[in-house]
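Enquirer: Let me give you the structure first, and then I'll get to my questions.
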Amino acid sequence: MVRVRFAPSPTGFLHIGSARTFIFNWLCARHTGGAMILRIDDTDLGRNTEASLQSIYEGLHWLDLAWDEEYKQSERLDLHRRYAAQILEKDLAYRDFTPATMEEGDKPREEGAWLYHREMRELSRGESDRRAAQGEPFALRFRVPRDPERIIRFRDAVYGEQAKSTADVEDFAILRSDGMPTYHLASCADDAGLGISHIIRGQEHLSNTFKHVLIFEAAGVAPPQFVHLPLLMAPDGMKLSKRKHGPVVSVTTYRDQGFLPHAFVNFLCLLGWSPKNDREQLARQELVDAFSFEGINRSNAVVNFKEEDPFDPKAVWLNAELIRALPMEELAERLLPFVAAAGFETDMPKMLRVTPLIRERIKLLREVATAADFFFQEELAPYDASELVPQKGDRALALSVLRKGCQALSPVSFEHDLLEAALRTAADELKIKTGQMFQPIRVAVCGRKNAPPLFATLEVLGRNTCLKRIQQAIHKLQ
RNA sequence: GGCGCUAUCGUCUAACGGUUAGGACGGAGCCCUCUCAAGGCUCAAAUACGGGUUCGAUUCCCGUUAGCGCUACCA
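Listed below in structure tokens is the structure:
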């Protein structure tokens with residue numbers, strides 16, 4: 197039985213790298229019919245925040261990929277401590293009474309000194325027990341085999357056989373002086389306790405895995421399969437971080453700017469994984485079917501965002517493709533909240549008429565606000581009168597086009613084909629090109645040159661609005 | 001610094017010893033056309049470098065370089 201877990205720590209918002217790790221775990225679970233487990237790794241009391249926890253749920257819910265079981269590490273401390281006690285009992289760990297250092301990374305780097313504190317490692321058991329009994333605080337450190345050193349080995353499903361000498365592994369802490377387990381201990385204890393079959397996580401843990409193998413050995417349990425994923429990088433080559441790269445690394449940003457959840461999922465799947473058949477657009481079930489560890493590659497992938505253009509062009513393209521593939525009603529429904537967020541009033545019937553006109557013109561749902569504004573506003577946003585002047589024409593021509601247009605439009609029923617016939621005839625009568633005829637009317641009605649096809653637009657806007665806006669344009673030119 | 005991992009177009013990737021090194025996004029151009037899109041067609045664009053192994057290396061091995069990760073009583 198495959199059991200996989202996504203184990204975020206609630207110390208920041210959910211970022212896209214975490215989302216991808218979740219997705220790969222989910223795909224593995226669904227592909228194999230196994231269980232997807234969400235485990236909140238909250239053993240660092242000082243850094244956990246409720247806001248972060250909420251951000252994780254928010255992001256995960258938006259992805260719409262459900263998990264089957266959920267745990268919090270903070271509710272499983274007994275298990276962790278049992279593991280710690282057991283390891284101490286076997287003398288595979290020792291108490292370190294050295295006061296915690298305040299700063300990270302200020303350890304002595306001299307040869308070997310970073311590996312362990314000799315006095316603590318060699319403290320007699322009696323002395324250690326005595327000091328502990330007196331209440332002196334201590335951290336519990338794993339007694340990494342030295343003298344003789346040995347080679348730690350494991351196989352990673354993506355990176356292959358891994359080996360490292362214990363001479364290169366420090367005596368890492370498994371229990372803090374406040375009694376809380378560290379990540380290494382809690383993670384291993386829970387992976388064992390929850391019967392995790394595959395650990396699918398970011399490559400940043402590849403080096404840590406040697407420590408984990410040591411812990412599993414000490415606890416006398418067989419380690420799960422390891423599956424490390426290449427990391428997601430920023431275009432500047434740095435690891436993605438909110439501090440450096442801003443909200444573009446947050447899942448909720450994609451949601452708020454109008455990505456379809458599946459477009460986002462599809463995009464993330466393509467970073468570091470390939471179905472190897474040149475397919476790029478895959479439906480959810482197709483992703484599940486195609487997923488395999490063999491398709492995961494080993495080099496980090498860059499999320500190609502820029503400051504002026506915060507989303508990877510491929511993600512945007514996928515989103516546009518999916519927008520166009522969506523049933524019209526569903527698109528209209530998804531668009532509604534973005535129209536409202538932009539401060540416009542509308543309803544489903546109107547949305548249903550507007551949607552077909554803009555769906556090929558937006559790449560993000562949010563763009564509905566700028567692509568369809570003139571459908572929702574009573575008064576057009578101000579525009580320059582010169583916009584009304586057609587190619588190879590002047591204001592006088594614009595004026596006559598608008599007057600003629602008004603005349604031609606007044607009597608016809610506002611239906612696409614009739615509108616087109618009327619305006620084409622008008623152009624004929626004025627002896628001008630159709631483009632010169634249509635453009636001033638388009639600007640008069642939409643307030644700008646680039647807009648959806650004219651006749652469909654007129655039809656949706658209706659006679660009153662169209663004639664009124666053309667009149668206003670005529671005034672503008674006079 | 002030590003240890004680990006990685007290296008194909010700008011980006012995501014395919015090619016698991018023999019290909020004109022393929023696809024996609026993005027870019028450029030053309031077509032279509034009432035504008036903008038969408039769509040169609042075309043083009044430019046890569047095996048980091050140096051050694052091996054081999055009849056033959058993108059592919060295997062070694063080195064160099066570069067990047068990333070770990071080296072916290074963070075995860």
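Offset between the first sequence (1-based) and our numbering: plus 196.
Backbone N, C-alpha and C fix where the C-beta goes; we use that ideal spot for every residue, glycine too.
Once DSSP output is grouped into helix, strand and coil, what is the label at E541?
Expert: DSSP places E541 in coil when its eight states are reduced to three.
Enquirer: Count the other C-beta atoms from every protein chain shown that fall within 10 angstroms of the C-beta of L229, then say buried if there are 16 or more, exposed otherwise.
Expert: Rather than Leu, the amino acid found at residue 229 in this sequence is Gly. Its Cβ having fewer than 16 others within 10 Å, G229 is exposed.
Enquirer: Taking all protein chains shown into account, decide if A203 is buried (16 or more other Cβ within 10 angstroms of its Cβ) or exposed.
Expert: A203 is buried by the Cβ-count criterion.
Enquirer: Keeping to the same chain, check which residues put their C-beta closer than 7 Å to that of I252; ignore five residues upstream and five downstream.
Expert: Only P204, P206 and L210 meet the Cβ criterion.
Enquirer: Smallest Cα separation from D364: which of G398, L650 and R346?
Expert: Nearest of G398, L650 and R346 to D364, Cα basis: R346.
Enquirer: Under 8 Å by Cβ, that's how I've got N462 and L478 pegged, so tell me the actual separation to the nearest angstrom.
Expert: Correct: roughly 6 Å between the Cβ atoms.
Enquirer: Can you give the Cα-Cα distance for L467 and K645, rounded to whole angstroms?
Expert: Each residue's alpha carbon lies about 38 Å from the other.
Enquirer: Nearest-angstrom Cα distance between A328 and K438?
Expert: The alpha-carbon atoms of A328 and K438 are separated by roughly 41 Å.
Enquirer: Which residues bound the alpha helix (DSSP H) around D387?
Expert: Y379 to G389 is the extent of the alpha helix (DSSP H) around D387.
Enquirer: Decide if S248 is buried, meaning its Cβ has at least 16 other Cβ atoms within 10 Å, or exposed.
Expert: With 16 or more other Cβ atoms within 10 Å, it is buried.
Enquirer: Do L427 and Q675 come within 8 Å of each other at the CB atom, strictly closer than that value?
Expert: Examination of residue 675 is not possible in this model, given that the chain is present from 197 through 674 alone.
Enquirer: Rounding to the nearest angstrom, what Cα-Cα distance links R562 and A511 in this structure?
Expert: Approximately 15 Å, taken between the alpha carbons.
Enquirer: Given a cut-off of 8 Å on the beta-carbon distance, is the pair W258 and V564 in contact?
Expert: Not in contact: W258 and V564 (Cβ atoms no closer than 8 Å).
Enquirer: What separation, rounded to the nearest whole angstrom, lies between the Cα atoms of L336 and A280?
Expert: For L336 and A280, the distance between alpha carbons rounds to 8 Å.
Enquirer: Please name the residue in P457, C465 and A647 whose C-alpha comes closest to that of R555.
Expert: The residue with the shortest Cα to Cα distance from R555 is A647.
Enquirer: Report back the beta-carbon spacing between K268 and I236 to the nearest angstrom; my notes put them in contact at under 8 Å.
Expert: The Cβ separation is near 5 Å, so the contact holds.
Enquirer: Answer yes if the region 608-621 comes into contact with the region 581-591, meaning at least three C-beta pairs across the two stretches below 8 Å, and no otherwise.
Expert: Short answer: they don't touch.
Enquirer: Using DSSP with H/G/I as helix, E/B as strand and the rest coil, what is R327?
Expert: Correct three-state label for R327: helix.
Enquirer: Per DSSP, which one or two residues make a beta bridge with M232?
Expert: BP columns for M232 point to V200.
Enquirer: Would you decide whether W469 is buried or exposed? Buried here means 16 or more other CB atoms lie within 10 Å of its CB.
Expert: It is buried - the Cβ of W469 has at least 16 other Cβ atoms within 10 Å.
Enquirer: Which residues does DSSP list as the beta-bridge partners of D352?
Expert: For D352, which the question treats as bridged, DSSP gives the partners G356 and F422.
Enquirer: With contact counted as at least three CB pairs below 8 Å, one residue from each stretch, are the region 379-390 and the region 515-522 in contact?
Expert: Taking 8 Å as the limit for Cβ pairs, the verdict is that the region 515-522 does not touch the region 379-390.
Enquirer: From F570 to R451, what does the alpha carbon distance come to, in whole angstroms?
Expert: Going by the C-alpha atoms only, they are around 25 Å apart.
Enquirer: Among the residues of its own chain, which have a CB less than 7 Å from the CB of N244, if the five just before and after it don't count?
Expert: Once the five neighbours on either side are set aside, the close Cβ partners of N244 are P206, T207 and D238.
Enquirer: Taking all protein chains shown into account, do 16 or more other C-beta atoms lie within 10 angstroms of the C-beta of W310, making it buried, or fewer, making it exposed?
Expert: Result: exposed.
Enquirer: Which residue comes first and which comes last in the alpha helix (DSSP H) that contains D452?
Expert: Counting along the chain, the alpha helix (DSSP H) containing D452 begins and ends at V447 to D452.
Enquirer: Taking 8 Å as the cut-off, does the region 588-607 touch the region 627-644 (at least 3 CB pairs, one atom from each stretch)?
Expert: Contact between the region 627-644 and the region 588-607 is present, because at least three Cβ pairs lie under 8 Å.
Enquirer: Please go through the same chain and pick out, in chain order, the residues whose beta-carbon is closer than 6 Å to the beta-carbon of A577, but skip the five residues on each side of it.
Expert: Closer than 6 Å at Cβ, skipping near neighbours: G643.
Enquirer: Ignoring anything shorter than 4 residues, give me the alpha helix (DSSP H) runs that lie fully in the region 462-510, in order along the chain.
Expert: The region 462-510 contains these whole alpha helix (DSSP H) runs: 480-486.
Enquirer: How far does the alpha helix (DSSP H) with A669 in it extend, from its first residue to its last?
Expert: That run of the alpha helix (DSSP H) goes R659 to L673.
Enquirer: Which value, in whole angstroms, describes the spacing of the CA atoms of E299 and L241?
Expert: Caution applies to E299, whose pLDDT of 49 falls short of 50 and renders its modelled position unreliable; the model cannot decide the point.
Enquirer: Look up I392 in the DSSP assignment and give the residues it is bridged to.
Expert: Paired residues: none, contrary to the question.
Enquirer: For S495, which residues of its own chain have a beta-carbon under 7 Å away from its beta-carbon, when the five flanking residues on both sides are left out?
Expert: Around S495: P426.
Enquirer: Residues in the same chain with beta-carbon distance under 6 Å from D568, minus the five sequence neighbours each way, listed in chain order, please.
Expert: One point to set straight first is that residue 568 is Ala, not Asp, in the sequence displayed. So the qualifying residues of the chain are V550 and I554.
Enquirer: So, at 6 Å on beta carbons, what are the nonlocal neighbours of R351 in its own chain, with the 5 sequence-adjacent residues on each side left out?
Expert: E357, listed in sequence order.
Enquirer: Which stretch, first to last residue, makes up the beta strand (DSSP E) that contains R337?
Expert: That run of the beta strand (DSSP E) goes A335 to F338.
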